[in-house]
Amino acid sequence: MSVVTIALGGLACLSFLIVLWQWVAASRFTLASKLSEAPALDESPSITILKPVKGAEEHTRECFESWLSQDYAGKVQVVFGARSANDPACAVIEALRAAHPDKDVQYVHCPEALGPNAKVSTLVQLSPQARHEFVLISDADVWADRDFLKCAMGQFRSPEVGLVCSLYALTNSKNTAMHLEALHVNVDFWSQVLQGQMLSKMDFALGAVMIIRREMLEKIGGFQALLEYLADDYQLGNKAARAGGVVSLADTVVECRSGFMSARAVWDHQVRWSRTVRVCQPIPYFFSILSNATLFSALLAAVAPCVYSLSALAAVVGTRVVMAMHLQRRLLPAHERRSPSALIVLKDLLQVAVWAAAFLGNTVVWRGEKFRVLPDGKLQKV
463 MSVVTIALGG LACLSFLIVL WQWVAASRFT LASKLSEAPA LDESPSITIL KPVKGAEEHT
523 RECFESWLSQ DYAGKVQVVF GARSANDPAC AVIEALRAAH PDKDVQYVHC PEALGPNAKV
583 STLVQLSPQA RHEFVLISDA DVWADRDFLK CAMGQFRSPE VGLVCSLYAL TNSKNTAMHL
643 EALHVNVDFW SQVLQGQMLS KMDFALGAVM IIRREMLEKI GGFQALLEYL ADDYQLGNKA
703 ARAGGVVSLA DTVVECRSGF MSARAVWDHQ VRWSRTVRVC QPIPYFFSIL SNATLFSALL
763 AAVAPCVYSL SALAAVVGTR VVMAMHLQRR LLPAHERRSP SALIVLKDLL QVAVWAAAFL
823 GNTVVWRGEK FRVLPDGKLQ KV
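The numbering used here puts the first residue of the sequence shown at 463, with every later residue one more than the last.
Written out as structure tokens, the structure reads:
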């Protein structure tokens, strides 16, 4: 038996154990049963929701409207902002204001480019409009169940909590490339976040939805402190943690309902994501390849084909497919738009290319513009 075979056998065993641990971490996490986890009505503080937007897609209206339909006792102010006065999202916002005259909804034109991060630039211009003690930041393509605020705000019962973020799922895949990305998020990403929580406290945030105490936001320098960074969600959570606040993960899930993405667009998104994580957490990201049990078991079977290596590969593939079925069902228990679990094997193999691409360059394409990611995580327009 060669040294290479022994090494691959060891890596295959290690990666399989990591995958099982990841599965256990996600299985142990209790997701809220909606109203059962909500704070009492007299504990519902006022919230300002800031929504930077750009463009309109088929799911834009339903995503926006989900935030106007929250079953929440506290005051809710929703402030939308776009860079262009002719942005297609503006018509959607005006239609929603007309349909919900009883809601506190504003639109703010945010024409200034204050830094390379366009989203944060919009947030800086929106923040003076925020009137309430809690500030929620949400991406334009995020849809939330009407009980979301009730569930998520319950995390702030502890005065130590400075920021709350939420798990999210991709739910509107329209082609194979989008299904592959959805499997990455709906199976591996959230379970790996929970796996990491078993090792240490969260010192970052997940960007789909973030809720921060206004005093904490001011303490870390406001959104201005994030203007030059690509990973504004990571930086917001990290700065809150370093300022003494606890970053808490809500036990409820939101959905990201983006429009159609071509295979090239999905690739660009994955590379941008991988290079972002590599810059923020270089050592953990390098070793993250060890969680790819499909890769190492396939290499072992290719280098040393025998009944044992082929059986090991079959066991890993079967485990991954069942794991994908189970974790998608846990994250989206009542959802019909889950991705085909069998594609998890292809996703694992293609993920190797994404992992490698993170180390083979420092440029990303974001919102149609090309940037260089500097070693400190800041953006430089190319």
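Glycine included, every Cβ here is placed at the ideal spot set by N, Cα and C.
*Can you pull the DSSP bridge partners for Thr-825?*
One-based indexing of the sequence shown puts residue 825 at position 363. Paired residues: Arg-834.
*So Ala-712 is in the beta strand (DSSP E); what residue range does that whole segment cover?*
The residue labelled residue 712 in the question sits at position 250 within the sequence shown. Run containing Ala-712: 708-718, per the beta strand (DSSP E) assignment.
*Beta-ladder partner(s) of Pro-514, from DSSP*: Numbered from 1 along the sequence shown, position 52 holds the residue referred to as residue 514. Per DSSP, Gly-543.
*Secondary structure of Cys-627, DSSP reduced to three states*: The count along the sequence shown starts at 1 and reaches residue 627 at position 165. Here Cys-627 sits in strand by DSSP.
*Return the residue from the list Ser-759, Val-844, Cys-613, Ile-468 that minimises the CA-CA distance to Gly-780.*
The sequence position of residue 780 within the sequence shown is 318, counting from 1. When only C-alpha atoms are compared, the closest one is Ser-759.
*Could you say if the stretch 603-613 and the stretch 575-583 meet the contact criterion of at least three C-beta pairs nearer than 8 angstroms?*
no
*Mind listing, in chain order, the continuous alpha helix (DSSP H) runs of no fewer than 4 residues lying wholly within the stretch 621-692?*
For the stretch 621-692, whole alpha helix (DSSP H) runs of length 4 or above, ordered along the chain, are 638-645, 652-659, 676-681.
_Length of the line joining the Cα atoms of Lys-612 and Asp-533_ = Within the sequence shown, residue 612 is the residue found at index 150, counting from 1. Within the sequence shown, residue 533 is the residue found at index 71, counting from 1. One C-alpha to the other measures close to 7 angstroms.
_Proximity of Ala-712 and Ser-628 at Cβ, strictly below 8 angstroms_ = Here residue 712 refers to the residue found at position 250 of the sequence shown. Here residue 628 refers to the residue found at position 166 of the sequence shown. Yes, they are a contact pair.
*Run the CB neighbour count on Val-465, radius 10 Å, all protein chains shown included, and call it buried at 16 or more, exposed below.*
Working through the sequence shown from its first residue, we reach residue 465 at position 3. Classification of Val-465: exposed, given that the 10 Å Cβ count is below 16.
*Quick one: give me the first and last residue of the beta strand (DSSP E) that Tyr-569 is part of.*
Residue 569 sits at position 107 when you count from the first residue of the sequence shown. First-last of the beta strand (DSSP E) with Tyr-569: 566-571.
*Check Val-807 in the structure and name its three-state DSSP category.*
Mapped onto the sequence shown, residue 807 falls at position 345. If DSSP states are grouped into helix, strand and coil, Val-807 belongs with the helices.
*Residue environment, Gly-830, which counts as buried when at least 16 other CB atoms sit within 10 Å*: Here residue 830 corresponds to residue number 368 of the sequence shown, with the count starting at 1. With fewer than 16 Cβ atoms within 10 Å of its Cβ, Gly-830 is classed as exposed.
*Taking the Cβ atom as the reference point for each residue, do Ala-755 and Val-570 lie within a distance shorter than 8 angstroms?*
Walking along the sequence shown from the start, residue 755 turns up at place 293. Walking along the sequence shown from the start, residue 570 turns up at place 108. Val-570 sits away from Ala-755, with the two beta carbons spaced by 8 angstroms or more.
*Going by beta carbon distance, what residues of the same chain come within less than 6 angstroms of Asp-695, once the five residues before and after it are set aside?*
Sequence index remark: in the sequence shown, residue 695 carries index 233 (1-based). Closer than 6 angstroms at Cβ, skipping near neighbours: Ala-667, Gly-669.
*Check each candidate in Glu-680, Pro-767, Thr-714 and name the one with the smallest Cα separation from Lys-701.*
The count along the sequence shown starts at 1 and reaches residue 701 at position 239. For Lys-701, the nearest C-alpha among the options comes from Glu-680.
*Supposed close pair His-594, Thr-510 - CB separation, criterion 8 angstroms*: By one-based count along the sequence shown, residue 594 stands at place 132. By one-based count along the sequence shown, residue 510 stands at place 48. Contact flag correct, Cβ pair sits at about 4 angstroms.
*Should Leu-860 go down as buried or exposed, given a rule of 16 or more other Cβ atoms within 10 Å for buried?*
Outside the shown range of the chain, which is 463 to 844, sits residue 860, and nothing can be said about it.
*asked:* Looking only at its chain, what residues have a beta carbon closer than 8 angstroms to the beta carbon of Met-785, apart from the 5 residues adjacent to it on each side?
replied: One-based indexing of the sequence shown puts residue 785 at position 323. Closer than 8 angstroms at the Cβ level, and outside the excluded window around Met-785, lie Val-481, Trp-485, Val-649, Ile-806.
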